[in-house]
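See below for the structure under consideration.
Protein chains: 2
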Amino acid sequence: MLGGRIPWGVREEAVLIGVYDSGYGGLSVLRHLLAAFPDRDFLYLGDSGRAPYGGRDVHTLLDFGEQAVERLFEEGCRLVIVACNTMSCVALRHLQRHYCPPEGDRRVLGVTIPAAEAAVAHSAGHIGVLATRRTIASGTYPTEIRKLAPGHRVTSAAAPLLASIVEEGWEDTDVAREAVRRYLAPLAGIDTLVLGCTHYPFLEDAFRAALPTHVHVLDPAPHVALRLATWMERHPGFVEPGSGRLRVLCTGDPDAFVAHGTRFLGRPLPPVETIAEVGGRLAPREGHVEPRGQVVRPKRDRADGGTAG
Amino acid sequence: MLGGRIPWGVREEAVLIGVYDSGYGGLSVLRHLLAAFPDRDFLYLGDSGRAPYGGRDVHTLLDFGEQAVERLFEEGCRLVIVACNTMSCVALRHLQRHYCPPEGDRRVLGVTIPAAEAAVAHSAGHIGVLATRRTIASGTYPTEIRKLAPGHRVTSAAAPLLASIVEEGWEDTDVAREAVRRYLAPLAGIDTLVLGCTHYPFLEDAFRAALPTHVHVLDPAPHVALRLATWMERHPGFVEPGSGRLRVLCTGDPDAFVAHGTRFLGRPLPPVETIAEVGGRLAPREGHVEPRGQVVRPKRDRADGGTAG
Numbered sequence: 001m002l003g004g005r006i007p008w009g010v011r012e013e014a015v016l017i018g019v020y021d022s023g024y025g026g027l028s029v030l031r032h033l034l035a036a037f038p039d040r041d042f043l044y045l046g047d048s049g050r051a052p053y054g055g056r057d058v059h060t061l062l063d064f065g066e067q068a069v070e071r072l073f074e075e076g077c078r079l080v081i082v083a084c085n086t087m088s089c090v091a092l093r094h095l096q097r098h099y100c101p102p103e104g105d106r107r108v109l110g111v112t113i114p115a116a117e118a119a120v121a122h123s124a125g126h127i128g129v130l131a132t133r134r135t136i137a138s139g140t141y142p143t144e145i146r147k148l149a150p151g152h153r154v155t156s157a158a159a160p161l162l163a164s165i166v167e168e169g170w171e172d173t174d175v176a177r178e179a180v181r182r183y184l185a186p187l188a189g190i191d192t193l194v195l196g197c198t199h200y201p202f203l204e205d206a207f208r209a210a211l212p213t214h215v216h217v218l219d220p221a222p223h224v225a226l227r228l229a230t231w232m233e234r235h236p237g238f239v240e241p242g243s244g245r246l247r248v249l250c251t252g253d254p255d256a257f258v259a260h261g262t263r264f265l266g267r268p269l270p271p272v273e274t275i276a277e278v279g280g281r282l283a284p285r286e287g288h289v290e291p292r293g294q295v296v297r298p299k300r301d302r303a304d305g306g307t308a309g
Numbered sequence: 001m002l003g004g005r006i007p008w009g010v011r012e013e014a015v016l017i018g019v020y021d022s023g024y025g026g027l028s029v030l031r032h033l034l035a036a037f038p039d040r041d042f043l044y045l046g047d048s049g050r051a052p053y054g055g056r057d058v059h060t061l062l063d064f065g066e067q068a069v070e071r072l073f074e075e076g077c078r079l080v081i082v083a084c085n086t087m088s089c090v091a092l093r094h095l096q097r098h099y100c101p102p103e104g105d106r107r108v109l110g111v112t113i114p115a116a117e118a119a120v121a122h123s124a125g126h127i128g129v130l131a132t133r134r135t136i137a138s139g140t141y142p143t144e145i146r147k148l149a150p151g152h153r154v155t156s157a158a159a160p161l162l163a164s165i166v167e168e169g170w171e172d173t174d175v176a177r178e179a180v181r182r183y184l185a186p187l188a189g190i191d192t193l194v195l196g197c198t199h200y201p202f203l204e205d206a207f208r209a210a211l212p213t214h215v216h217v218l219d220p221a222p223h224v225a226l227r228l229a230t231w232m233e234r235h236p237g238f239v240e241p242g243s244g245r246l247r248v249l250c251t252g253d254p255d256a257f258v259a260h261g262t263r264f265l266g267r268p269l270p271p272v273e274t275i276a277e278v279g280g281r282l283a284p285r286e287g288h289v290e291p292r293g294q295v296v297r298p299k300r301d302r303a304d305g306g307t308a309g
């Protein structure tokens, strides 16, 4: 471990915390992290240009996860919170194995375990999970809940439209209320509902209206922040505070990101920096303006992989 | 033009027609093509693993379009119909320039011009267009309509939820009816509505219920088939019939593709073959089963572009 890497615990500079999500939704997690850690520096990466993740196949998700985590580490993060449930359920272990050897000074943490712990703490025995198709297909929520409470029943359902309804700003419409009612139908009898996607807390009113009053509607975001606080107590190498700075990167249209993001973050965003996939990596793409009409570009040499942006 | 390529008009073998869409939706176009050309051979490529295209940025769309067209040409197609409105509006000219030199024997055709022609033929002067965000942002529909009818008014609006509602199978629900009502609000006064996405014909009942009875609801698909028939009259090198065979490729979950696709095609699909992006190309991926739970894969050499599937 020679060659420039500073050993555990003797690092003095502020620890930049990366927060990674498929798009805007993770800003609802960042909001709780900012409240819990006001003196820390955060770098948010929203892959809005390739969102939603919920219908993607597993290997595409692993690719996207690798690219995002590599970008955040290159920007100076040593700790990355994967706020996206889909990515956390499918790719967290992969990202941890490849980027976080035990002897290293980098960590990647997810949201599924804090959510499962909070669900078990609230539930009398029957937990419901609504999430994206890929999150549900992964089976990761039932797996984690049963590790903690083997006798608990878990009923889950994919709700692929809900994130899009929130992205449209339609959370307070009959479209949202009727969609929520339909998606909750197979979850009859639950006592706790896990909102298994960062967009769903915006539909909390619709969930409460559609569920019996005794059902607890669980937004994992504050539990993610709480769990991070206890994690830091056990990991002193990551506690060095910063100065409360926030940078935001996105892969899609930065104007749309600011417009949507303010609602999710609950406060104005800083200027959003644009990144894009170039040769299998997420690289800066400043000053980019999406062209209109038919777009013709030079033919590229596909030997480099061809998906340059 | 020596070296193995058979010159124009003397080709004897059947012309395989490729039909390319972001996912299932283009099967509603293929349905009309099969009816109009029962003795032709078709190869459908649905990029369902990377759908929807409507929110993608332009360069990602050009990448996807190149990959799909290259795959279809490699499979033996000489004619490709880009059924996807988003791809047709943004990338058609790029694909034509790069793959279809005038002296060559390959052609790529889109759906926007047949749709614009049909709209102008039906309209008394005010055309509405509903489509994906990217289709609307491209401005291609207003551009094409104004070339044909400079005095016509065009009012367009993005309707990003509608394709997802159809993919969910919710076209006959209050979710669909309320979403359609909301998206039509800015289109007051139109006399013709272009359904500018291959999913929207499934919402025709909801559109008719929400619009005054005199408004013509235009599904471009039959006009695409009609336009292809007249195009073939002018291009005798493409008329050699086949034996009515149909092959289907998709990039996503083949079971989901069959389940959804039957509804769009209006008849059972043949066995669906799986392809995936490997090193910037769409390559066969037979026997693939999506893994459950956390997925860890070997770290790859990213020099090849890194987005292999």
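One line per chain: the protein sequences are A and B, in this order. Here the first sequence stands for residues 1 to 309, where the numbers follow this note's numbering. Here the second sequence stands for residues 1 to 309, where the numbers follow this note's numbering. Cβ coordinates follow ideal geometry from the N, Cα and C atoms, glycine included.
Near chain B, meaning a CB-to-CB distance below 7 Å, the residues of the region 77-111 of chain A are 90, 91, 92, 93, 94, 97, 98. For residue 76 of chain B, the closest alpha carbon among the candidates B:87, B:17, B:179, B:28 is that of B:17. With 16 or more other Cβ atoms inside 10 Å of its own Cβ, residue 167 of chain B counts as buried. By the neighbour-count criterion, in which 16 or more other beta carbons inside 10 Å mark a residue as buried, residue 213 of chain A falls on the exposed side. Excluding five sequence positions before and after residue 225 of chain B, the CB atoms of its chain that fall closer than 6 Å to its own CB belong to 32, 33, 36, given in chain order. Between residue 244 of chain B and residue 41 of chain B, the C-beta spacing is below 9 Å. DSSP links residue 284 of chain A through a beta bridge to A:275. Along the region 247-267 of chain B, going in chain order, the ones with a CB nearer than 7 Å to a CB of chain A are 252.
Secondary structure of residue 126 of chain B (DSSP, three-state): strand. At a beta-carbon threshold of 7 Å, the residues of chain B lying near residue 58 of chain A are 290, 291, 295, ordered along the chain. Under the Cβ criterion (8 Å, minimum of three pairs), the region 218-232 of chain B does not count as touching the region 140-158 of chain B. Annotation: the continuous alpha helix (DSSP H) that includes residue 69 of chain A extends over 58-74. Between residue 80 of chain B and residue 109 of chain A, the alpha-carbon positions lie close to 45 Å from each other. Listed in chain order, the non-local C-beta contacts of residue 284 of chain B below 6 Å within the same chain comprise 275, local neighbours out to five positions each way being set aside. Per DSSP, the continuous alpha helix (DSSP H) segment holding residue 174 of chain B begins and ends at 174-184. Going by DSSP, residue 153 of chain B is part of no alpha helix (DSSP H) but of the beta strand (DSSP E) stretching over 153-158.
Shortest Cα-Cα distance from residue 209 of chain A to any of A:188, A:198, A:180, A:191 involves A:180. The beta carbons of residue 156 of chain B and residue 90 of chain B sit no closer together than 9 Å. One thing to note: residue 136 of chain B has its Cβ no nearer than 9 Å to the Cβ of residue 190 of chain B. Around the CB of residue 230 of chain A, fewer than 16 other CB atoms lie within 10 Å, so the residue is classed as exposed. Cβ neighbours of residue 264 of chain A within its own chain (closer than 6 Å, five residues either side excluded): 24, 27, 28. Under the 9 Å criterion on CB atoms, residue 164 of chain A is classed as interfacial with respect to chain B.
In the three-state DSSP reduction, residue 207 of chain B falls in the helix class (H, G or I). Counting every other CB atom within 10 Å of its CB across the protein chains shown gives residue 261 of chain B a total of 16 or more, marking it as buried. The Cβ atoms of residue 85 of chain B and residue 112 of chain B sit closer than 9 Å to each other. Taking a Cβ-Cβ threshold of 8 Å, none of the residues of chain A is close to residue 228 of chain B; the smallest such distance is about 20 Å. Among the residues of chain B, those whose CB is under 7 Å from the CB of residue 168 of chain A are 160, 161, following chain order.
Counting only unbroken stretches of 3 or more residues, the beta strand (DSSP E) elements lying wholly within the region 86-147 of chain A are 107-109, 126-131, in sequence order. Residue contact with chain B for residue 143 of chain A: present (Cβ-Cβ distance below 9 Å to some residue of chain B). In summary, the residues of the region 24-50 of chain B whose CB is separated from some CB of chain A by less than 9 Å are 48, 49, 50, in the order they occur in the chain. In this model, residue 160 of chain B and residue 133 of chain B are separated by some 6 Å (Cα to Cα).
At a cut-off of 9 Å, the C-beta of residue 138 of chain A has a neighbouring C-beta in chain B. Per DSSP, reduced to three states, the secondary structure at residue 200 of chain A is helical.
Between residue 238 of chain A and residue 78 of chain A, the beta carbon gap of about 7 Å places them in contact (Cβ cut-off 8 Å). Cβ-Cβ separation between residue 174 of chain A and residue 201 of chain A: approximately 20 Å, too far for a contact (criterion under 8 Å). CA-to-CA, the gap between residue 94 of chain A and residue 140 of chain A works out to about 14 Å.
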